[in-house]
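Take a look at the structure below.
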Amino acid sequence: MNASVFGGLLAVLGREWKLALRHPSDTLAAVLFFVLVAALFPFGVGPAPETFSRLAPGALLAAALLAALLPLDRLFGAEAEDGSLDQLLLSGLPRGVLAAAKALGHWLTTGVPLIAATPIAAAMLNLPVEAWGVAMAALALATALLSLLGTLGAALTLGARRGGVLLPLLVLPLAIPAVIFGAAAIEAASAGLSAAPFLLLLGAGVSIAAPLAPLAAGAALQND
Amino acid sequence: MAAGQPILDVRELACIRGDREIFAGLSFTVPAGGALLLTGANGAGKSSLLRVIAGLLPAAGGEVLLEGAPASTDPAGHALRLRYISSQDALKPALTVAENLAFYAALWGGQVTPALEALGLGALASLPGRVLSTGQRRRLALARLGLAPVRLWLLDEPSLGLDVASVARLGDLMARHRAGGGAILAATHLPLPLPDARELKL
Numbered sequence: 001m002n003a004s005v006f007g008g009l010l011a012v013l014g015r016e017w018k019l020a021l022r023h024p025s026d027t028l029a030a031v032l033f034f035v036l037v038a039a040l041f042p043f044g045v046g047p048a049p050e051t052f053s054r055l056a057p058g059a060l061l062a063a064a065l066l067a068a069l070l071p072l073d074r075l076f077g078a079e080a081e082d083g084s085l086d087q088l089l090l091s092g093l094p095r096g097v098l099a100a101a102k103a104l105g106h107w108l109t110t111g112v113p114l115i116a117a118t119p120i121a122a123a124m125l126n127l128p129v130e131a132w133g134v135a136m137a138a139l140a141l142a143t144a145l146l147s148l149l150g151t152l153g154a155a156l157t158l159g160a161r162r163g164g165v166l167l168p169l170l171v172l173p174l175a176i177p178a179v180i181f182g183a184a185a186i187e188a189a190s191a192g193l194s195a196a197p198f199l200l201l202l203g204a205g206v207s208i209a210a211p212l213a214p215l216a217a218g219a220a221l222q223n224d
Numbered sequence: 001m002a003a004g005q006p007i008l009d010v011r012e013l014a015c016i017r018g019d020r021e022i023f024a025g026l027s028f029t030v031p032a033g034g035a036l037l038l039t040g041a042n043g044a045g046k047s048s049l050l051r052v053i054a055g056l057l058p059a060a061g062g063e064v065l066l067e068g069a070p071a072s073t074d075p076a077g078h079a080l081r082l083r084y085i086s087s088q089d090a091l092k093p094a095l096t097v098a099e100n101l102a103f104y105a106a107l108w109g110g111q112v113t114p115a116l117e118a119l120g121l122g123a124l125a126s127l128p129g130r131v132l133s134t135g136q137r138r139r140l141a142l143a144r145l146g147l148a149p150v151r152l153w154l155l156d157e158p159s160l161g162l163d164v165a166s167v168a169r170l171g172d173l174m175a176r177h178r179a180g181g182g183a184i185l186a187a188t189h190l191p192l193p194l195p196d197a198r199e200l201k202l
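So the sequence lines, in the order shown, correspond to chains B and S. Note that my numbering has the first sequence beginning at 1, numbered continuously upward. Note that my numbering has the second sequence beginning at 1, numbered continuously upward.
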């Protein structure tokens with residue numbers, strides 16, 4: 001990657017970061033959604049702490065991935081609406097790099113806050129404290145995968161009518177492996193077993209998606 | 001670049017949107033220092049033509065050569081040799097005027113402050129984009145023209161919403177660009193300060 005492409009990637013990333021800081025409502029909405037869903041489970045399940053700990057891994061993963069989906073339809077939609085997408089497409093950056101910057105921006109402004117909120121949600125679901133670290137690691141990898149797949153989904157559904165409905169339908173089935181291995185890792189940790197194999201599988205998923213999803217998203221990006 | 005070679009050479013260009021043919025067999029050139037005004041009724045295809053030349057819309061036929069190089073072989077390189085000011089201002093309300101332009105300066109090179117001052121926005125640099133008026137937003141979009149120089153400007157209704165003084169500033173900017181060997185293709189309904197511009201009616 002030459003210097004100007006890297007500089008362009010940093011410029012797009014810096015702009016995403018600044019916009020998220022000035023308008024924290026998207027990030028806050030995702031974090032609140034995540035915490036609220038985790039808070040709803042105890043009401044539905046009733047006062048049986050041991051049932052929670054069984055439910056906690058899957059509930060955490062599902063809540064986090066749904067929360068991370070929330071800002072995705074604005075990822076390219078907001079840029080297309082105000083004409084910025086045209087300028088980004090004419091920025092001279094390869095479209096795959098542009099999509100990679102957007103995916104990384106989404107992870108930094110949505111995934112990372114969700115990871116930070118994981119202990120709160122984990123406490124409400126009565127997850128053993130020993131498993132919190134693994135839960136945060138699993139969520140870090142799972143949200144990274146969702147950011148990558150979600151960027152692809154956002155690029156594909158850009159300009160489609162009802163794109164906001166189409167996007168989860170397209171992305172969530174692809175995120176099933178993240179739920180399976182993420183939940184398995186947290187479960188292993190709360191049972192006192194090693195979570196490493198599951199985290200490594202999740203990491204493998206992220207490292208496959210990291211180059212492929214932005215390339216595909218870049219090819220799908222078009223504004224007409 | 002060979003002497004006398006046009007900056008922009010459009011050959012037999014065609015564009016189809018949906019099932020409708022917007023234009024076909026369109027050929028023209030714009031030489032260095034030249035300007036071409038695109039006129040025509042609403043929906044005549046002025047904006048589509050600009051977008052096809054910019055590489056944002058696929059051409060249904062024909063080709064676009066910028067300084068002799070076909071647009072289709074290197075889209076990223078083609079994009080870097082032109083500036084496109086669309087009818088949308090591409091401005092983020094949460095960022096200040098200077099930050100909005102600084103983002104494009106980081107991508108393309110060039111200085112923010114002189115580009116803002118060329119359109120009389122120097123005093124507004126630290127204001128957030130959301131408080132700008134329509135004309136000020138337009139001027140901020142046009143300020144992108146003052147960043148690192150390129151050979152071709154594609155302008156879609158550049159003077160829409162501008163006051164008389166700002167139109168004059170835009171005129172100065174365009175005159176300097178042409179004097180430096182640049183070319184301009186502008187779609188407009190309003191009279192633009194472009195002396196000796198040829199006109200293409202779509």
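Heads up, the beta-carbon is just placed ideally off N, CA and C, and yes, glycines get one too. In this text, all values refer to a predicted model and were calculated from it rather than measured experimentally.
Mapping DSSP to helix, strand and coil, what is residue i?
i	result
methionine 1 of chain S	Low confidence applies here, because methionine 1 of chain S scores a pLDDT of 46, under 50, leaving its location unreliable; read the following figure in that light. DSSP places methionine 1 of chain S in coil when its eight states are reduced to three.
aspartate 156 of chain S	strand
serine 27 of chain S	strand
threonine 96 of chain S	strand
proline 191 of chain S	coil
threonine 39 of chain S	strand
glutamate 199 of chain S	strand
proline 214 of chain B	helix
valine 64 of chain S	strand
arginine 169 of chain S	helix
proline 257 of chain B	Summary: the structure shown does not reach residue 257 of chain B, with chain B confined to residues 1 through 224, and so no result is reported for it.
leucine 139 of chain B	helix
arginine 15 of chain B	helix
leucine 185 of chain S	strand
alanine 196 of chain B	helix
alanine 69 of chain S	strand
arginine 176 of chain S	helix
Does at least one heavy atom of the ligand NAP sit under 6 Å from the Cβ of residue i?
i	result
proline 24 of chain B	Annotation note on the ligand NAP: not contained in the displayed structure, which lists no ligands.
What are the start and end residues of the beta strand (DSSP E) that includes residue i?
i	result
isoleucine 85 of chain S	82–85
alanine 175 of chain B	Counting along the chain, alanine 175 of chain B falls outside any beta strand (DSSP E), and DSSP gives it neither H nor E.
isoleucine 16 of chain S	8–17
Just to confirm the assignment, what range does the alpha helix (DSSP H) spanning residue i have?
i	result
isoleucine 115 of chain B	112–124
alanine 78 of chain B	77–81
glutamate 117 of chain S	112–118
leucine 89 of chain B	84–89
serine 126 of chain S	Neither: serine 126 of chain S is in no alpha helix (DSSP H) and is coded neither H nor E.
arginine 137 of chain S	134–143
arginine 54 of chain B	49–69
glycine 26 of chain B	For the record, residue 26 of chain B in the displayed sequence is aspartate; it is not glycine. Counting along the chain, the alpha helix (DSSP H) containing aspartate 26 of chain B begins and ends at 25–45.
leucine 49 of chain S	46–54
Output the distance between the C-alpha atoms of residue i and residue j, rounded to the nearest integer angstrom.
i	j	result
leucine 121 of chain S	leucine 140 of chain S	7 Å
leucine 193 of chain B	arginine 17 of chain S	59 Å
methionine 1 of chain S	leucine 65 of chain B	Confidence at methionine 1 of chain S is low in this model, with a pLDDT of 46, below 50, so the placement of that residue is unreliable and no value is reported for it.
leucine 132 of chain S	leucine 55 of chain B	51 Å
glycine 96 of chain B	isoleucine 208 of chain B	15 Å
leucine 116 of chain S	glycine 146 of chain S	8 Å
proline 214 of chain B	leucine 98 of chain B	8 Å
threonine 151 of chain B	serine 4 of chain B	23 Å
serine 87 of chain S	serine 48 of chain S	12 Å
leucine 8 of chain S	proline 31 of chain S	7 Å
tryptophan 132 of chain B	serine 159 of chain S	58 Å
phenylalanine 6 of chain B	lysine 102 of chain B	14 Å
leucine 85 of chain B	glycine 43 of chain S	22 Å
alanine 168 of chain S	tryptophan 17 of chain B	37 Å
valine 45 of chain B	valine 35 of chain B	16 Å
leucine 199 of chain B	leucine 60 of chain B	15 Å
glycine 55 of chain S	valine 134 of chain B	47 Å
glutamate 157 of chain S	alanine 186 of chain S	7 Å
alanine 105 of chain S	alanine 148 of chain S	8 Å
leucine 154 of chain S	serine 91 of chain B	15 Å
glycine 58 of chain B	glutamine 222 of chain B	36 Å
Only counting the same chain, and skipping five residues up and downstream in sequence, which positions put a Cβ closer than 6 Å to that of residue i?
i	result
alanine 35 of chain S	Ile184, Leu194 and Ala197
isoleucine 115 of chain B	Met136, Leu139 and Ala140
tryptophan 107 of chain B	Ala144 and Ser147
glutamate 63 of chain S	Arg11 and Pro70
valine 37 of chain B	Ala63
Leaving out five residues before and five after residue i in sequence, what residues of the same chain have Cβ atoms less than 8 Å from its Cβ?
i	result
proline 93 of chain S	Pro128, Gly129 and Arg130
Task: contact_flag[the stretch 183–197 of chain B, the stretch 67–87 of chain B] where n(CB pairs < 8 Å) is 3 or more - done: no
Open item on the list: Using 8 Å as the cut-off, can you tell me whether the stretch 8–24 of chain S makes contact with the stretch 172–187 of chain B, which would need three or more C-beta pairs spanning the two stretches below that distance?
Closed with: no
Task: Inter-stretch contact (C-beta, 8 Å, three-pair minimum) for the stretch 152–169 of chain B and the stretch 110–128 of chain B - done: no
Open item on the list: With three or more C-beta pairs closer than 8 Å as the rule, is the stretch 95–102 of chain S touching the stretch 79–93 of chain B?
Closed with: no
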